[in-house]
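Quick note on UniProt numbering: the sequence shown kicks off at 1 and runs consecutively. Ideal placement from N, C-alpha and C gives every residue a C-beta, glycine not left out.
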Amino acid sequence: MAVRQKGRALALLLGTVASMGLGGCMGQMGLSSMVTKGNLSVVDNRYGRAGVFVLLSPVYGLAATADLFVFNTIEFWSGKNPITGKSPALVDHKADAVIKVNQHLDPALNKVPLAMLPQGVREVKVSYPDERTAQMEIHYIDGHRDMMRGEMRGELLDIYLDDKLVSTLTRKQLDEKAGAGKVEV
Numbered sequence: 001m002a003v004r005q006k007g008r009a010l011a012l013l014l015g016t017v018a019s020m021g022l023g024g025c026m027g028q029m030g031l032s033s034m035v036t037k038g039n040l041s042v043v044d045n046r047y048g049r050a051g052v053f054v055l056l057s058p059v060y061g062l063a064a065t066a067d068l069f070v071f072n073t074i075e076f077w078s079g080k081n082p083i084t085g086k087s088p089a090l091v092d093h094k095a096d097a098v099i100k101v102n103q104h105l106d107p108a109l110n111k112v113p114l115a116m117l118p119q120g121v122r123e124v125k126v127s128y129p130d131e132r133t134a135q136m137e138i139h140y141i142d143g144h145r146d147m148m149r150g151e152m153r154g155e156l157l158d159i160y161l162d163d164k165l166v167s168t169l170t171r172k173q174l175d176e177k178a179g180a181g182k183v184e185v
């Protein structure tokens, strides 16, 4: 039984990693560029460089694979290539595109996903302990954490920050603010 659960968990993990890796693999190819730069600095002769290229072909293959499935994915989601340190991501460079879709999309789809976190926030974990409660654990870059929790109490929503009640909204207020795209506490 435990082996089946581990197998399912592994399959889920691999599926998640594969979908992320295949979903954002266009990037600067930073590791491959480093291998090429190293190749070019070994010898100054074109035939010598071609010979070094043949010898390094397995390294080129590994570097390209790592770029496509790891480093370019990080670049796509974070907006910065972890090897080159350059930003914006290659996919965010302005170009005179033939097919223009950005003006028809929600503005959130024109931005780097992880860059949308507020400054100083490293991670936000959302959980639902029960059918009336939602909570967000906010992890900051400096190491401290906050816990924001919302609890439905009939037609009221009580909002807590680190177990202190900071606001109460009626269902109508909540619906109005949700429709406007913002909830102020």
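- Residue nearest to L161 within the set I138, A178, S33 is I138 (criterion: CA-CA distance).
- For R122, the enclosing beta strand (DSSP E) starts and ends at 121-130.
- Shown here, D163 sits in coil according to DSSP, grouped into three states, outside any helix or strand.
- Separation of the CB atoms of L156 and G150 is rounded to 11 Å, and the pair is thereby denied contact status at 8 Å.
- Annotated as distal: A63 and L40, with beta-carbon spacing of 8 Å or more.
- For E131, the number of other beta carbons within 10 angstroms of its own is below 16, and it is reported as exposed.
- DSSP places E155 outside any alpha helix (DSSP H), giving it a letter other than H or E.
- Residue state for Q135 is assigned as strand, using DSSP reduced to three classes.
- Per DSSP, reduced to three states, the secondary structure at M148 is strand.
- Distances from the alpha-carbon of S87 to those of F53, V98, I74 put I74 closest.
- In this structure, DSSP gives L12 a helical state, which the three-state scheme calls helix.
- Runs of the alpha helix (DSSP H) lying entirely within the segment 22-79, each at least 4 residues long, are 30-42, 46-55, 57-66, 72-78 in chain order.
- Looking at the DSSP output, T84 bridges to nothing.
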